Every structure is written in C-alpha cells, then in structure tokens.
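Visitor:
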Amino acid sequence: AAMSFAIAEPESLSLSDGTTVTVSKTPGMAAEEWKETKKMLEENPEEARRWESFSKDAKAVRAWSQKTCIEEFYQSKLSAGDEVYSGKLLGLEKQPEFAHIFEDVKRGGMQAALQHSYNEPLMMKINRAVGGLPEEVKDALSKMQSSAVTLQEACKMGDLKAVEDYIKAAEGAGKLDLDAKDAKGVTCLGYAVGANRVAVVRLLLSKKADASACDTSGGNALHYAAAYGRKELLDCLLKGGL
1 AAMSFAIAEP
11 ESLSLSDGTT
21 VTVSKTPGMA
31 AEEWKETKKM
41 LEENPEEARR
51 WESFSKDAKA
61 VRAWSQKTCI
71 EEFYQSKLSA
81 GDEVYSGKLL
91 GLEKQPEFAH
101 IFEDVKRGGM
111 QAALQHSYNE
121 PLMMKINRAV
131 GGLPEEVKDA
141 LSKMQSSAVT
151 LQEACKMGDL
161 KAVEDYIKAA
171 EGAGKLDLDA
181 KDAKGVTCLG
191 YAVGANRVAV
201 VRLLLSKKAD
211 ASACDTSGGN
221 ALHYAAAYGR
231 KELLDCLLKG
241 GL
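Position one of the sequence shown corresponds to residue 1 (the UniProt record's numbering), numbered consecutively onward.
Have a look at this one:
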C-alpha cells in the first residue's frame with residue numbers, strides 16, 4: 001500500500017542531559033523551522049521526550065496533518081489580504097465569547113494560540129463565524145481522515161500499539177500478510193529496521209516476518225541493518241528476534 005500521508009525519516013538527537021531521542025519532523029514543517037526546533041529540543045530534554053512520544057503516535061501525527069491543512073488555508077487568506085475574511089476574523093474580537101482568546105494570544109503569542117487550537121468545539125465555532133472552510137479543504141481533510149494508517153507507516157513511526165492492533169485485527173480476519181510490499185518493494189519489517197524501531201522489529205519477527213524479503217533494488221532488512229550500522233537489530237534479525 002502507498003503511504004497515505006508523508007512521514008519524515010526519524011532522526012537521532014543528542015540532548016543536553018546526555019541522553020538520546022529519536023524524533024521526526026512533523027508533516028508540513030519547513031526545513032528551516034525543523035532545524036530551529038531540533039536546536040530547541042536538544043536544549044530541552046523533557047520537551048524532546050514529549051516530541052519523541054508524539055512522533056511515534058500515528059493518530060496524533062494524522063491529527064497534526066489535518067490541523068496544518070486548516071491553518072494553511074487560514075494563513076493564505078490573511079496573507080492574500082482578503083479584507084472580507086480579515087474583517088470577519090477581527091470582528092470576533094468584539095464578541096464576548098471570543099474576546100478572551102484574542103487577549104490570550106496578545107499576551108502569550110503563538111504558544112497561547114496553539115493551546116486554544118486544541119479546543120475543537122471552540123475552533124468549530126470560530127470556523128463557522130468566519131464562513132467555514134471551502135469544499136476543497138474539506139475534501140483534503142476527509143481523505144486524510146478516511147485513509148487508514150498503513151502497517152508500513154505504523155512500523156516506520158515505531159507506533160507499537162498501532163502495529164499490535166493491526167496484527168490482531170488481521171489475524172482475526174485471517175488476512176495477516178506481514179510480507180506485503182509497498183510501491184518500492186519495502187515490507188513493514190524493512191521500514192521498522194530502517195527507522196531503528198527495535199520493539200516493532202522484535203514483534204514482527206515473533207510473528208514470522210521474512211527478514212530476507214527483497215525490495216525493488218535487491219535490498220532486505222538485513223542489508224538495511226548493516227548499512228545503517230544497527231548492530232542490535234542485525235543480531236536480532238540473525239537470531240530471528242530472540
């Protein structure tokens with residue numbers, strides 16, 4: 001199955017407290033912004049660990065993608081100087097039910113805006129007040145929502161629970177095929193090894209995933225582990241996950 005939403009390659013960060021985390025750039029984040037974010041995470045180990053947990057949660061990343069899609073629409077309207085839209089948005093500031101948000105954002109900037117953006121009922125009210133989203137944005141959101149997180153995506157992200165749930169459901173339906181390949185010929189085990197997701201690799205091997213399955217370039221999970229210098233995973237693959 002093709003990837004249903006773009007997942008960035010995971011990266012290792014060495015934190016100021018001497019520990020290491022594996023994080024991924026969120027969908028839609030610009031390269032320069034990601035560079036700055038990584039610097040901030042390296043100096044803030046606690047925040048970095050939160051980001052690592054988020055990076056491994058397929059559903060959370062999908063929700064982020066949907067939020068980004070809506071934000072881009074709003075931003076494009078404001079950047080284009082859409083006076084009707086800007087007028088409606090600024091008009092909300094005078095309404096008692098929304099005034100506190102504008103006050104918070106003036107005081108706390110983007111951080112405050114982000115906190116309010118998690119309040120879905122409130123965001124829907126604002127959305128309705130400014131005229132709603134156009135059909136093409138709704139269609140894009142609907143596609144994101146309806147396309148299932150693929151097993152390859154969950155393995156690449158290291159979302160162990162999503163992988164376990166997928167395997168359980170597929171086993172129950174008698175349709176478990178861990179060696180299915182995507183357009184590049186890569187299996188879910190290949191993605192888990194490439195992204196250094198040790199717990200997921202062990203689970204897949206315990207379910208008899210084939211470490212010798214080759215992609216379209218002739219590479220397999222063992223090759224990936226050797227190429228990336230992942231000794232623990234190489235040992236794991238050679239011992240069949242034991």
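Think of the CB as a built atom: it goes at the ideal place given N, C-alpha and C, for glycine as much as any other residue.
All figures in this text were calculated on a predicted structure; none of them were measured in a lab.
Quick check on L41 - is its C-beta less than 8 Å from some C-beta in chain C?
Guide: The structure shown contains no chain C, having only a single protein chain.
Visitor: Between the C-alpha atoms of L205 and E43, what's the straight-line distance to the nearest angstrom?
Guide: In the sequence shown, counting from the first residue as 1, residue 205 sits at position 205. In the sequence shown, counting from the first residue as 1, residue 43 sits at position 43. Spanning the two alpha carbons is a distance of roughly 36 Å.
Visitor: By the DSSP assignment, the beta strand (DSSP E) with T20 in it spans what residues?
Guide: Working through the sequence shown from its first residue, we reach residue 20 at position 20. Here the beta strand (DSSP E) through T20 covers 20-23.
Visitor: Quick check: what's the CA-CA separation for A169 versus K94?
Guide: Numbered from 1 along the sequence shown, position 169 holds the residue referred to as residue 169. Numbered from 1 along the sequence shown, position 94 holds the residue referred to as residue 94. C-alpha separation (whole angstroms): 51 Å.
Visitor: Name the DSSP bridge partner or partners of L13?
Guide: Here residue 13 corresponds to residue number 13 of the sequence shown, with the count starting at 1. According to DSSP, which records beta bridges pairwise, L13 is partnered with V21.
Visitor: Where does R230 fall in DSSP's three states?
Guide: As a working note, residue 230 is residue 230 in the sequence shown. Note: R230 maps to coil in three-state DSSP.
Visitor: Given a cut-off of 8 Å on the beta-carbon distance, is the pair A227 and L233 in contact?
Guide: Taking the sequence shown and counting its residues from 1, the one referred to as residue 227 is at position 227. Taking the sequence shown and counting its residues from 1, the one referred to as residue 233 is at position 233. For A227 and L233, no; Cβs fall outside 8 Å.
Visitor: Using only alpha-carbon positions, find the residue among D177, N196, G185, K239 that is nearest to V23.
Guide: By 1-based counting over the sequence shown, the position of residue 23 is 23. For V23, the nearest C-alpha among the options comes from N196.
Visitor: K38 by DSSP, collapsed to three states: which one?
Guide: As a working note, residue 38 is residue 38 in the sequence shown. If DSSP states are grouped into helix, strand and coil, K38 belongs with the helices.
Visitor: If you reduce the DSSP assignment to three classes, tell me which class A6 lands in.
Guide: Numbered from 1 along the sequence shown, position 6 holds the residue referred to as residue 6. Here A6 scores only 48 on pLDDT, less than 50, and its place in the model should not be relied on; the value that follows carries that caveat. In this structure, A6 counts as coil in the three-state DSSP scheme.
Visitor: Does the distance from the CB of A183 to the CB of Y166 come in under 8 Å?
Guide: Position 183 of the sequence shown, counted from the start, is the residue given in the question as residue 183. Position 166 of the sequence shown, counted from the start, is the residue given in the question as residue 166. Not closer than 8 Å, so no.
Visitor: In chain order, what residues of the same chain have a beta carbon less than 6 Å from the beta carbon of G194, not counting five sequence neighbours either side?
Guide: In the sequence shown, counting from the first residue as 1, residue 194 sits at position 194. Correct list, in chain order: Y224.
Visitor: Does A162 come out as helix, strand or coil in the three-state DSSP assignment?
Guide: Here residue 162 refers to the residue found at position 162 when the sequence shown is read from its first residue. Of the three classes helix, strand and coil, the one that applies to A162 here is helix, per DSSP.
Visitor: DSSP state of L222, grouped into three classes?
Guide: In the sequence shown, the residue the question calls residue 222 occupies position 222. If DSSP states are grouped into helix, strand and coil, L222 belongs with the helices.
Visitor: Check whether the region 36-51 touches the region 9-23, counting contact only when three or more Cβ pairs, one atom from each stretch, lie closer than 8 Å.
Guide: yes
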